[in-house]
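In order, the protein sequence lines correspond to chains A and B. Read in order, the letters of the first sequence correspond to residues 4 to 354 in this note's numbering. Read in order, the letters of the second sequence correspond to residues 1055 to 1387 in this note's numbering.
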Amino acid sequence: MAAFPTSAPASAAQREAAPGLRRSAWLALVLLVLSALLLLVGASVGSTGWESVLRMRDDPTSWQIVVDIRLPRSLGAWLAGGLLGLAGAVAQGLFRNPLADPYLLGSASGASLGSALGLVLLGSSVTSLNLLYRLGMTGMAFVGAACAVALTVVLARNVQNTLRLLLAGVIVGVVLGAMRDLLELRHPDILQAMQAFTLGTSAFVGWEGCALMAGVLLVCVLATWCCARLLDGLTLGEATAASLGLPLAPLRYGLVAVLALATGTSVAQTGLIAFVGLAAPHLVRSLVQVGHGRSTVLAAAMGGVLLLAADILARWLVAPQELPVGVLTAALGGTYLLWRMHRSTRSAGGL
Amino acid sequence: MMALLMAPRPLLRQALARVALMLALPMAQAAPSASVDELRLQPFANAPVWKDQDLVAPVAIVDDRGRKVQLAQPPQRIVSLLPSLTESTCALGLCERLVGVDRYSDWPASVKKLPVVGGGLDPSVESVVALKPDVVLLSDASKAAERLQALGLKVVALDVKSKADIHRVLGTLGQLLGVPQAQGADRVWHALESGIDAVVRDLPERTRHTRVYFEVSRGPYAAGPQSFIGETLTQLGVDNVVPAELGPFPRLSPEFLLRAQPDVIMLGNRSMQAATSYPGWHNLQAVKAGRVCVFTDEESYAIVRPGPRMAQAAALMARCLADKAPGKAAVAR
């Protein structure tokens, strides 16, 4: 008898949760199929169009174009989008703010400062910087992003206070951005290269970049899955999360590390790409209501699909040249968010 | 000043400004005088057209990334992703072997007919690969270098910042591409030097020690004495109002110019109206007296690109000085 009242709400909760879970499974399937389709399209869109795919058996150049350029860059775009989508979902959960994006802890400014430094050093002296060359622009950007997040955490003293962390992130972002500007003013010859970095492109991603991003994405997804209970708890407020007995501090550190790693890797490989990290979690939330464990993974897949689609569009619009994909995501993502805002204001007015 | 420098620059505004700049480009019109036109053609007019048997075996070179590159034989297919390298390649007489260029390469006119593979910093990698080049020339700031090299292409990254660099890069390119030195790099360099010498000889005496301000682009970014433009100004015997310690292309505050009061202002950027709209500029003696030269797009490309057209750049600047430089009386002011 005593078991009845407890088991009844539980089964009710199960029945309530089931549609969310089923919908999330459907969404996962749809995203997977979309990803596969887009990868196929990605292999056939570029400067030379379909004929490269048709002739790739006889013509070594076509083979190289499809296998060594289009496939890795398409997969690379998907992976970078996935990293950004995951980082965006983690940031929005961690800061309990739907406006949070992956670059919130200063990683974007850090990465661009790292690149600017790299360009200045590479430009200044030639043969003495072998180490720098081996590290390359990619390495410099990653080191910059990681250092920026570390600096943010140090400035915020610890990760306990979300508001403090957020403020420290904004401050680090502004200050590092200013330092980048000062470098650019002192060395205007790097301006063009910096512009190319800021615009973000998947054009230079090779198989090594893909392997790296895939590894990082896997690690980040697993780590987020483990920390998902914290994100779920945080939606009820920090005090409630603490009262649930969750180990707040270590889980927070873990999530900040995920944020830094995911953002740093994607920025280093593809430059600054706007809005994917912001829009992907929003899209997932508007489609399914599930816990953070599932929704962060779905956000990663959604980010991948978004960025890959944008990348294909960027290659196709002005072929045989191409647009930097960052421009396109900013334009499209901005339009989407405006539309969402417009719709939600209208429905709020209706209430 | 610091507060001004640290002001955040929203990406969108930057992008819009860039678009506005691009839209403004076609509005400027080219109306060069005939003599300057002849001078401009000089480095290409007597460039030999090489047959395979006239070229020599390429020598191993070290590019600006420190990579050693050697071609097995003189290349048949060259892709250049930097305008100054395109110009140098053509000056060496290998214009016929260029098969693709970046979107900014526009000189000599024949390269405009070649396939465009994007910009030097954002090239379409597969377009470059599809051209099957024997060698790709690009700037060492380009991320494309590593990627193209990983795809099995021979990539040479060269950076040109000064007149000495022009000499060095001509030599390196000549060795890399198998052009005999006497008829290649040496000939182009001598033509460039003697061209500048001739320009300097013909300058009227009154232009000496004119105090000149050269604006490379709006900012205002000036050409300092360390830049290759500054080097040409020095050779022309005029004084740069920008001190050397500010670096090659410093960004100045508009009031610096008011204090410096240059005798002649040279503007490498587009329209006169936008250029003199800095606060307080209407009080400048040079602006009041109309001693301002605005170069057309075509002319500014010749001036701001460090390449084999440096003698033409000197001629353009000399023409400006001859037209606008005030006499000794005004300078003694």
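The C-beta atom is built at its ideal place from N, Cα and C for all residues, glycine as well.
Following the DSSP letters along the chain, one finds E1269 (chain B) in no alpha helix (DSSP H) but inside the beta strand (DSSP E) bounded by residues 1265 to 1271. For P191 (chain A), the chain B residues whose C-beta falls within less than 9 angstroms of its own C-beta are V1270, S1271, G1273, Y1275, G1301, P1302, F1303, P1304, R1305, listed in chain order. In chain order, E1180, V1183, A1184 make up the part of chain B whose C-beta sits under 7 angstroms from the C-beta of I68 (chain A). About 16 angstroms separates the beta carbon of L262 (chain A) from that of L251 (chain A), a gap too long to meet the 8 angstroms contact definition. In the displayed model, I1132 (chain B) falls within a strand according to three-state DSSP. Straight through space, the alpha carbons of R255 (chain A) and W81 (chain A) are spaced by roughly 27 angstroms. Neighbours of A1204 (chain B) in chain A, taken as residues whose beta carbon is under 7 angstroms from its own, are G209 in chain order. Within 7 angstroms of the CB of D1219 (chain B), no CB atom of chain A is found; the nearest one sits about 11 angstroms away.
Annotation for M197 (chain A): the continuous alpha helix (DSSP H) segment containing it runs 194 to 202. Inside the stretch 1216 to 1274 of chain B, DSSP marks whole beta strand (DSSP E) runs of 3 or more residues at positions 1265 to 1271, from first to last along the chain.
Residues of the stretch 1328 to 1362 of chain B with a Cβ closer than 9 angstroms to any Cβ of chain A: none. The three-state secondary structure of R1305 (chain B), taken from DSSP, is strand. Taken in chain order, the whole beta strand (DSSP E) runs of length 3 or more contained in the stretch 75 to 110 of chain A number zero. D1293 (chain B) has B:R1265 as its beta-bridge partners, per DSSP. Straight across, the Cα-Cα distance linking R1373 (chain B) with K1166 (chain B) is about 28 angstroms.
In the structure shown, K1167 (chain B) adopts helical secondary structure according to DSSP, grouped into three states. For M1320 (chain B), the secondary structure class from DSSP, reduced to helix, strand or coil, is strand. DSSP, read as helix, strand or coil, puts I1115 (chain B) in strand. Three or more beta-carbon pairs separated by less than 8 angstroms link the stretch 153 to 165 of chain A to the stretch 88 to 108 of chain A, which places the two stretches in contact.
Relative to A304 (chain A), the option among A:M344, A:L249, A:V224, A:S50 whose CA is nearest is A:V224. Contact annotation: S205 (chain A) and T141 (chain A) have beta-carbon atoms that are not nearer than 7 angstroms. Pairwise C-beta distances place the stretch 167 to 184 of chain A out of contact with the stretch 289 to 304 of chain A, as fewer than three of them are shorter than 8 angstroms. Under the three-state reduction of DSSP, V1155 (chain B) is assigned to strand. The way I'd put it, the stretch 272 to 292 of chain A does touch the stretch 83 to 101 of chain A; three or more beta-carbon pairs between them come closer than 8 angstroms. Close partners of M140 (chain A) in chain B (Cβ separation under 8 angstroms): K1197. When the alpha-carbon of V222 (chain A) is set against those of A:L86, A:R76, A:V48, A:G23, the nearest one is in A:L86. The closest CA to that of Q1130 (chain B), considering only B:D1156, B:L1202, B:K1208, B:V1171, is found on B:K1208. In the DSSP assignment, K1122 (chain B) is bridged to B:V1116.
Between the alpha carbons of G1278 (chain B) and L1257 (chain B) lies a distance of about 22 angstroms. Put simply, the CB of E241 (chain A) is far from chain B, with every gap to its CB atoms at 7 angstroms or more. Under the Cβ distance rule, L1175 (chain B) counts among the residues neighbouring chain A, one pair being separated by less than 7 angstroms. Fully contained in the stretch 1342 to 1369 of chain B are the following alpha helix (DSSP H) runs of length 4 or more, in chain order: 1351 to 1358. G1172 (chain B) is bridged by DSSP to B:P1177. Think of a sphere of 9 angstroms around the beta carbon of Q324 (chain A): the chain B residues whose beta carbon falls inside it are R1157, V1170, V1171, G1172, G1173, D1176, P1177, S1178, S1181, in chain order. In the displayed model, A1211 (chain B) falls within a strand according to three-state DSSP. DSSP, read as helix, strand or coil, puts V208 (chain A) in coil.
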